[in-house]
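Chemist: Let me give you the structure first, and then I'll get to my questions.
Residue numbers (this note's numbering): 27 to 183.
Here it is in structure tokens:
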């Protein structure tokens, strides 16, 4: 179990103690896609989804999701987020969501960025499912993280 920071010496789960870590600026960037039919893309693009403005509501949902990450993911530290932003791009075959989460803290915000993307994508699905129940959420992943003891990291592709 060496290297698994969320397990103690006896193998029991615990929240990692970050008390001795320095407060630094930390950022996480994540992305994901939802693939859908041309009809669903057109309805979202044209503002014709009966439930409302899909892009605006998904953006708000993603921000709210980032703020609630520690309530959703066991052992995640609650963080005072200083910034959460989401870019939603309507494409020919779906919507791509990219989120940035930032804090000045003792632990990273990768989970907050990933949660923001996932909640935004789920919101898009919920709002457009009457048009296309076969939508697929795909490729949710961390693109980069900045700050902290381990330094910066960027996905290779």
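The beta-carbon is built from N, C-alpha and C at its ideal position, and this holds for glycine as well.
Tell me which residues share the same chain as residue 57 and place their Cβ nearer than 8 angstroms to its Cβ, disregarding the 5 neighbours each side in the sequence.
Modeler: Reading the chain shown from its first residue, position 31 is the one you call residue 57. Only 122, 123, 124, 125, 143, 165, 166, 167, 169 meet the Cβ criterion.
Chemist: What does the alpha-carbon distance come out to for the pair residue 79 and residue 37?
Modeler: One-based indexing of the chain shown puts residue 79 at position 53. One-based indexing of the chain shown puts residue 37 at position 11. In a straight line, the C-alpha of residue 79 is about 47 angstroms away from that of residue 37.
Chemist: Does the Cβ-Cβ distance between residue 140 and residue 163 come in under 8 angstroms?
Modeler: To locate residue 140, count along the chain shown from 1; it is residue 114. To locate residue 163, count along the chain shown from 1; it is residue 137. At least 8 angstroms separates the beta-carbon of residue 140 from that of residue 163.
Chemist: If you draw a straight line from the C-alpha of residue 113 to the C-alpha of residue 119, how long is it?
Modeler: On the chain shown, residue 113 is found 87 positions in, with the first residue counted as 1. On the chain shown, residue 119 is found 93 positions in, with the first residue counted as 1. In a straight line, the C-alpha of residue 113 is about 17 angstroms away from that of residue 119.
Chemist: Under three-state DSSP, which class holds residue 28?
Modeler: Taking the first residue of the chain shown as position 1, residue 28 is located at position 2. Annotation note: pLDDT 47 at residue 28 (below 50); position unreliable, no value reported.
Chemist: Of the residues 60, 94, 35, 55, which one's Cα is nearest the Cα of residue 161?
Modeler: Within the chain shown, the letter at position 135 stands for residue 161. The shortest Cα separation from residue 161 among 60, 94, 35, 55 belongs to 60.
Chemist: May I ask you to report which of helix, strand or coil DSSP gives residue 118?
Modeler: Mapped onto the chain shown, residue 118 falls at position 92. Residue state, collapsed to three classes: coil.
Chemist: Check the Cβ-Cβ distances between residue 50 and every residue of chain C, and say whether any is below 8 angstroms.
Modeler: Going by chain labels, chain C is absent from the structure shown, which holds only one protein chain.
Chemist: Closest by CA to residue 65, which one among 42, 154, 174, 177?
Modeler: The residue given as residue 65 occupies position 39 in the chain shown. Comparing Cα positions, the closest option is 154.
Chemist: Would you kindly check if the distance between the Cβ of residue 54 and the Cβ of residue 171 is under 8 angstroms?
Modeler: In the chain shown, residue 171 corresponds to position 145, counting from 1. In the chain shown, residue 54 corresponds to position 28, counting from 1. Going by C-beta atoms, residue 171 is nearer than 8 angstroms to residue 54.
Chemist: Who does residue 172 pair with in a DSSP beta bridge?
Modeler: If you number the chain shown from 1, residue 172 lands on position 146. Beta-bridge pairing links residue 172 to 53.
Chemist: Identify every residue that forms a DSSP beta bridge with residue 101.
Modeler: Working through the chain shown from its first residue, we reach residue 101 at position 75. Paired residues: none, contrary to the question.
Chemist: Measure the C-alpha to C-alpha separation of residue 75 and residue 69 and round it to an integer number of angstroms.
Modeler: Here residue 75 refers to the residue found at position 49 when the chain shown is read from its first residue. Here residue 69 refers to the residue found at position 43 when the chain shown is read from its first residue. For residue 75 and residue 69, the distance between alpha carbons rounds to 6 angstroms.
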